[in-house]
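Residue numbers (my numbering), protein chains in the order written: chain A, 1323 to 1499; chain B, 55 to 518; chain C, 15 to 141; chain D, 651 to 1451. Every residue gets a Cβ at the ideal spot worked out from N, C-alpha and C, and that includes glycine. Since we're looking at a predicted model, the values are computed, not measured. One structure below.
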Amino acid sequence: MSPSSRYQVDAAQSRIDPSVTTVLTQTVARLLLVPIFMVALAILVKGYADVGDGFSAGVVAALGVLLQDVAFGYRAIGRLTIVRLAPYGALAGALIALGVTFVPVLTGEPLLRHRPGAGEPVAHLGALELITPVLFDIGVFLVVFGFAVGVIGMIARMHPRPIGPSRGTGATGGDEG
Amino acid sequence: MSLDLTVPLGLAWFAAIGLAFFDGRRAWAGWAAVAALATTLLGTVAVAVDVAHSGPRSVVAGGWPTTIGITLEADALGLTFALLSLSVLLVALTYEVVAGVQARGFPALVLAMATGLLGLCLTADLFNFYVFFEIAMVSAYVLTGYGDRPHQLRAATIFLIVNLLGSVLFLIAIAALYHLTGTLDMEQLAIRIPIVQTNPAILSATLIFVAFGIKLGLFPFHFWLAAVYTGTRPAVAAILSGALVNIGSYGLLRIGGGLLPRELEQGAPVLFALGAASILYGGLQAISCGDPREVLAYSSIGQAGYILVCLAIGGEAGYAAAVLFAVTNAINKTLLFLVVPLRGPWVAAAVTVGAASVAGIPPAAGFFGKAAVFRSTVADGNPAILTLLVAGSALSFIYMFQMVGRQDWATGDGVGPIWSDSHLPATRIIAGGVAVVVIGLGLWPEPLLVLSDAAATALIGRLP
Amino acid sequence: MTLLFAVAVAILFGSGAYLLLKHDLVRVVIGMVLISNAANLFIISAGLSRGQAPIYPLADGEPVSDPLVQAMTLTAIVISFGVAALLLALVYRVYTSHLSLDLDELAEADERDEAVRDLATLTGRQR
Amino acid sequence: MLAVPFSLLLFVSNGTLATSGNTMDGGWQFNPAASLLALAVLSGPLTWLVGRWRPGLAWVAGALLAGGGLTTTIVAIATGDSGVDVAWAPSWGLRLAFDLDGLARLYALLATGIGLLVVIYARRYVPLHLHHQGRDEREAGPFFAAFLLFMGAMLGLVMARDLIALFVFWDVTALASYLLISYDRQDANARASALMALLVTGISALGLLVAALLIEDRYGTFDLGAVIAAAEAGDHSLGLTTGILIVSAALAKSAQLPFHFWLPRAMAAPTPVSAYLHSAAMVAAGVFLIGRFYPLLATEPRLLDGLAVVGAGSMAISGVLATTRADIKQVLAYSTISQYGYVVLMLGLGGQGHYGAVAAVFYVVAHALAKTALFLTAGAVTEATGERRLDRMGGLWRSMPALAAGSGAAAAGLAALPLTVGFFKDELFFAAALERGPAAVAVAVGGATLTIVYIGRFWGGIFLGPRRATADPVPLALVGPVVVLGAAILLTGVVPGPVARLAEAAAAVSLREAMTVSPAYHLDTRPENLMALASFVLGGTLLATRRFWSPAAMGLARIGQRFGPARAYGRGLDGFERFSGAMRRVEVRDLRGRVATILLPAGVLVIIALIATPTRDAFSFGTIQRGDAGLVMILIATCGAGIASTLPRDHLSMALTVSGVGYCLAVTYALFGAPDVALVAVLVETMFALLFLGMLSLLPRRVLAEEAAEPENHHHGRRDAALAVIAGVIALVVSWSALSRPTFRESVAVDYIELAPDAHARDVVTVILTDFRGLDTMGEITVIGIAMLGIAGLLRRGRLR
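Here it is as structure tokens:
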């Protein structure tokens, strides 16, 4: 018996009991998702004016998604598309931030030279200032969100399928996809 | 127009993240990583050539005034270690790509480590140094577990926890230095630290020393090293012992020699003592090891002692010797870790070359590393240390050639196991290529000597 | 205050170190978290000024908290978070490959491996 | 190794090859020194490549290279001094400075001439040897490669004027001899012997390196010529330490007491190797070195006296031991030690104005011819009979007359019988001894007598007496070289002039003045002749009465085995191994120990640093302001939570308390005027708690419970507490010391606050993160990305989705 298969039996016996999730919590969780994303957006956008930045926004948004896990159980969130794609989002975010960092080098300027520069006028879109640091912050947001959601998603997909007739894809990490 | 010094950094960085999207086990991804790393190396060479002609260059991130933005500066010391680390990474990556990458993230991780090491060598900001240091370290944590065998996972656990402890100590020291001087810019720090009272400065210096001592594998902070070097795959062991270890030597030189020279001088007796202990301890331990990789691991502990002794001697000669020794040692260890799992006539020759280089037998490059250390000690006029170095060198003769003698490297008939999962001739050619470099640098050492002298001059010249 | 900060840092660091020395890998992870927390607290307390939050508009005459240490702390927190998550995953993986979270048992596995290696590689002493 | 020809081409194509000494001017001219240098560097690698390509042709390459070297040397002898001087590593002032002077020419002649003969011999011998051992004949390639590597190293060594270049070739000879002695890889004894030879000669060579560096430190140059000139100008004397280091390296190489023990062991090598390395080349390198440094060593007369003593001791002791050995190669090995004892003795005797140095080089030539022939004989005989012991041979002259004749001439040469070149070597030796008085004379006669005894026993034991073994016919190639050498010994015994001229030229380099010797036969009662006669009579008598004294000699041999340096070496290596094994057992092997061994020394270092620096006024308690009450409370709560998190048994409460620490810290940050940090701290703490619980939920509860419940060893408990206190003290001392300092007046933080509006922002922290120090943030998210890759690798074999 290989270590991992032995483990599966143990883990299956100890999984979180699905009966704790109720219809009420599920509904609340769904309903909360939108406001949480709004808050995250606000934190991100207002970062330059007030407390908060891409990082905290990312964590807030991730917590919103993860609230679903309290409601639906680990296995359910492992199947959400947003969760599955989150790691790629993280990498894309890193690429965006990296772009902001290094694109100025191509034009012969020092790296991380933001536009518009110091003292130059800034276009506004409501509270949002259209400056490259915001783009950078969006990159940070994506990385953090993608990381948090992605990792929880990975853990979720490690959970073995429930005992009894199974449905869905529940993979246990040991096999190739 | 000369190449901007941040271009290679950006290249490696983009490649690292870009490659993370794809499965690194595919051949094209592996070769793309090799190409990206080679381009980065070439770019760094271009920067180095430029610096050699027109002096150190620097750029402040964001175009802010210095000390506001993070300063990146390319000088001889940083570039020496950058070139060394990148070359080692390139060799190890190519080796693994040829042998067959086994994990999805491997190429991306190697490039991430290249980013970290390159950034570390370029940055002139203490906290930024820590950040790049962490990039390199985190990649190393992941790489140590590469292969996914139980012993590799154990090695990764040990490596991660011990080095994380070291990183935290380093971080505390950085914060303390900021509190004492009000700046993170290395140039400003070097100016301000002499004014700071000795007590807090030397305590911070002690923590920094411990942190880099852990990275370098100095006695008595080395206890993680043997298990990790022995447990990981050959390419990873080469990366750890040839590239990552440079953090230790470079950090001690840049921060110890460049920022805290007063504290370094005050600590010289301790450095001598620990260096001596390291040389003897590593050498003596290595003698009874049966596994060649373990011999190499303990040998690394001994070699770390040489670098420490050079630092304690200090001055331009001491620093130049430290750089030279660090460079040759890294190349030697890369060669040996890559070649030890292979068998064949070329392998027998390459192992002999590597062993000769570690023992400091010409015409291998290691000879000049050893000779430089001896020379700086002779100039320092310290017979006790000289005797110690000779003893350490004698020990390296014993353990290296016992290691060579224990196996039949040419055929592998019945003598000892072969660890490699792959016997492609190409891996042997790569290892043989490194051996040729070792011999080549031993026959024509001038580039190494010029580089190490320039590095030491750059370090000393920065002092206020 | 100076001493109080130092003592708080020391207690967190010491508690973390204490947990690092346990045989239970989960405790080791917690120890690492505590040690990182100690470092973060120290960075914040190493700020050169203490006062109002460094967000404009600033009230005149009142000291402003050092923003640089805050930025440093943020970076350090995030890095230690990432590494701690990695450590957690590693601990889990170690468990699945050894079916144990006990460092004593891991050390035994190390010794077994080493014995095998020594047998295989020590072929004939040279005298 | 490909870099070797490449780098050579590099400097040749630079056109910077400097030539000196040749008379022709203008245009290209043949420079023997440059050609020999090229051979020195290329021989080994070229032969190796040829061997890899066509193993059967390796010997051809070897013979061509050795022959080329021989021809070049002969040309050089005819044309006089030549040299090469090219910049090598200007940073250290190193030059590829090589002089083909008298001394170099003599040793080059030996190295190439005897090398050529041995290669021809080995061409047949090595395949036979491999065949006996059941090995593939293709393995002959590496043999010739190592052999030619050795020959090349000898050539480079003898010509080198730059001390570092000299050391390089010196060490290459050690490395090449290691490869050659361990050629029979499957034989543990051969490998151990090779290691011994390498350790003895290689470690003593470190002394030579140190000496070279000391010389550079004192004279400011690595150029031996310049050093000697400076020393002669009376600027500085060499220094006894430096001299002893050089001499020790030389004596170890020449297998003199107390380093001699490696040579008999090195007989594990195939016989052609023994013939070359251990009679003409490797051991010759040692006395060559003394000859090369002679002008410097002569500035320290005590050194020369020491040489004489060591030489006499080696000569006597190994001479006696040689009479006791049964293995024919062992007899020759001890004979070599003894013979080089003569040479060292002569060098010790022959300071300025004395005969010794000339006699020494003359002796080296004569000995090399004879000893090579004898070794090759031993190889041929063993090949023919399959025996190596003297007591199992005898009467072989009937089946191998040519071999018997050739080696007879060689034995006669070694025994210094008239009509051989050996006679003159002893005549010069006696002359040198006579200059130094009766004690030297007695030693000289004793040495000559011993030589006659053991060489007579050797030759007689093989070829005379009753026939004890049957001899198969051996190939001509195994006999030819012996006959050639025997003829050469007889020829030079009649016409010794050329050898004398060579020796004079060589000695002139050592002595820095011209010396002439005119070896000739004088049928009179001059003291030299009487000494020779005495040695013949004594030797003959001893040979005839061997039965009576051989038990005593055997006794001496046993004492030597019991207490000699070989024993010390073995014990030393054993001791190292045992000590190392003991160290390995106490080496820390578990993670906890590894953590402890960081904390403890770190604590010690911190305490040392604390004690070493003045602590007065270094620590201040700070003031508690009015608004700080909340901060004080929350810090105390943090401390409490920190301690509490070490207490719980089960993981869940542990997770909760550690989260408590995090939230307390978040409040601290908020009270500190750091709302951004506080926000992130809260969020990260929550996130981490989720991750932690998620991970715990993957682990079986049973395992967790067991793990949590398992009691900690009591002993460990106390140790852990002590280490935790140490860790706390480290943190306390460092942080308190740093925080106590009033800070620097100007701080970059002020600039950040001032510049933030320029960067279009109101939150200074955010602008630092995205703009001023955006590179840090970039790094930080990279760390996060790498961690994600790592986690994916660990949990899902790298799959991201």
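(Q) I'd like to confirm something about V1466 of chain A: is its beta-carbon nearer than 7 Å to some heavy atom of the ligand ZN, or not? (A) Of ligands this structure carries none, so the ligand ZN is not represented either.
Q. From D:F1229, D:A881, D:I978, D:I1436, pick the residue whose C-alpha is nearest to that of R868 of chain D; which is it?
A. D:A881
**Q.** Selection from D:R1423, D:M846, D:R1451 that minimises the alpha carbon distance to L88 of chain C
**A.** Closest in C-alpha terms to L88 of chain C, from the list D:R1423, D:M846, D:R1451, comes D:R1423.
Q) Listed from N- to C-terminal order along the chain, which residues in the stretch 1386 to 1410 of chain D have their beta-carbon within a distance smaller than 9 Å of any beta-carbon of chain C? A) W1386, S1387, A1388, L1389, S1390, T1393, F1394, S1397, V1398, A1399, V1400, Y1402, I1403, A1406, P1407
Q: Could you tell me which chain D residues have their CB closer than 8 Å to the CB of P1409 of chain A, listed as they occur along the chain?
A: M1438, A1442, L1450, R1451
Q | Near-chain A residues of the stretch 89 to 107 of chain C (beta-carbon distance less than 7 Å), N- to C-terminal order | A | V92, A99
Q: Scan the stretch 68 to 128 of chain B and note each continuous beta strand (DSSP E) run of 3 residues or more that stays entirely inside, going in chain order.
A: 111 to 114, 125 to 128
Q) Taking just the CA atoms, how far does G420 of chain B sit from V654 of chain D? A) Caution is warranted here: a pLDDT of 41 is assigned to V654 of chain D, below 50, making its placement in the model unreliable, and no coordinate value can be reported.
Q.
Is there a Cβ of chain C sitting closer than 8 Å to that of P521 of chain B, yes or no?
A. Any property of residue 521 of chain B remains undetermined from this structure, which presents chain B solely from 55 to 518.
Q: Mind checking who Q66 of chain C pairs with in its DSSP beta bridge?
A: C:V78
Q.
Less than 8 Å between CB atoms is the rule here; does D1459 of chain A satisfy it with respect to chain C?
A. no
Q | Beta-bridge partners of F748 of chain D, as assigned by DSSP | A | Note: F748 of chain D sits in a beta bridge opposite D:V734, D:A810.
(Q) Helix, strand or coil for H276 of chain B? Go by DSSP, reduced to three states. (A) coil
Q. Within 8 Å (strictly less), CB to CB, does M1345 of chain D reach chain A?
A. yes
Q) What does T388 of chain B touch in chain A if you count any residue whose Cβ is under 8 Å from its own? A) Within chain A, no residue comes near T388 of chain B; the closest Cβ sits about 29 Å away, beyond 8 Å.
Q: Quick one: give me the first and last residue of the alpha helix (DSSP H) that K903 of chain D is part of.
A: 890 to 903
Q) Residues in its own chain within less than 6 Å of L971 of chain D by CB, not counting five upstream and five downstream? A) Y984, A1207
Q. What is the rounded straight-line gap between the Cα of S1324 of chain A and the Cα of T1427 of chain D?
A. The pLDDT assigned to S1324 of chain A is 41, lower than 50, so where the model puts this residue is not dependable, and the model offers no usable value.
Q | Neighbour flag for D127 of chain C against chain D, beta carbons, 8 Å | A | no
**Q.** Same chain, Cβ closer than 8 Å to A1294 of chain D, neighbours up to 5 away in sequence not counted
**A.** Here the set comprises T1307, G1310.
Q. Going by C-alpha distance, which of D:V818, D:R1449, D:M1438, D:G1072 is nearest I93 of chain C?
A. Minimum Cα-Cα distance from I93 of chain C among the listed residues D:V818, D:R1449, D:M1438, D:G1072 corresponds to D:M1438.
Q. Which same chain residues, not among the five before or five after G1440 of chain D, have their C-beta less than 6 Å away from its C-beta?
A. none
Q.
Once the 5 residues before and after L1388 of chain A are set aside, which same chain residues still bring their CB inside 6 Å of it?
A. I1474
Q: Spatial neighbours of R1117 of chain D within its chain, please: CB distance less than 8 Å, with the 5 preceding and 5 following residues excluded, ordered by chain position.
A: G1044, G1045, L1046, R1048
Q) So H37 of chain C is in the alpha helix (DSSP H); what residue range does that whole segment cover? A) Here H37 of chain C belongs to no alpha helix (DSSP H), and DSSP marks it neither H nor E.
Q) Taking R1437 of chain A as the reference, which of A:P1455, A:K1368, A:V1350 has the closest Cα? A) A:P1455
Q | F1198 of chain D, buried or exposed, once every other Cβ within 10 Å from all chains shown has been counted against 16 | A | Exposed, by the Cβ-count rule.
Q. Within this structure, are the beta carbons of V394 of chain B and S450 of chain B separated by less than 8 Å?
A. no
Q. From what residue to what residue does the alpha helix (DSSP H) around L845 of chain D run?
A. From DSSP, the alpha helix (DSSP H) with L845 of chain D extends over 838 to 869.
Q.
Below 8 Å on C-beta distance, what does G271 of chain B contact in chain C?
A. By Cβ distance, chain C contributes nothing, its closest Cβ being about 18 Å from G271 of chain B, past 8 Å.
(Q) Within 10 Å of its beta-carbon, does D74 of chain C have 16 or more other beta-carbons around it, so buried, or fewer, so exposed? (A) exposed
Q. Taking Cβ positions, are F1463 of chain A and G1395 of chain A nearer each other than 8 Å?
A. no
(Q) Less than 8 Å between the beta carbons of G701 of chain D and A795 of chain D, yes or no? (A) yes
Q | Boundaries of the alpha helix (DSSP H) in which N253 of chain B is found, first to last residue | A | 252 to 270
Q.
Quick check on the DSSP output: what are the complete alpha helix (DSSP H) runs of length 4 or more inside the stretch 1107 to 1180 of chain D, in order along the chain?
A. 1126 to 1144, 1147 to 1161
Q: Just the chain C side, please: which residues come within less than 7 Å of R1228 of chain D by C-beta, in chain order?
A: Simply none; closest approach about 11 Å.
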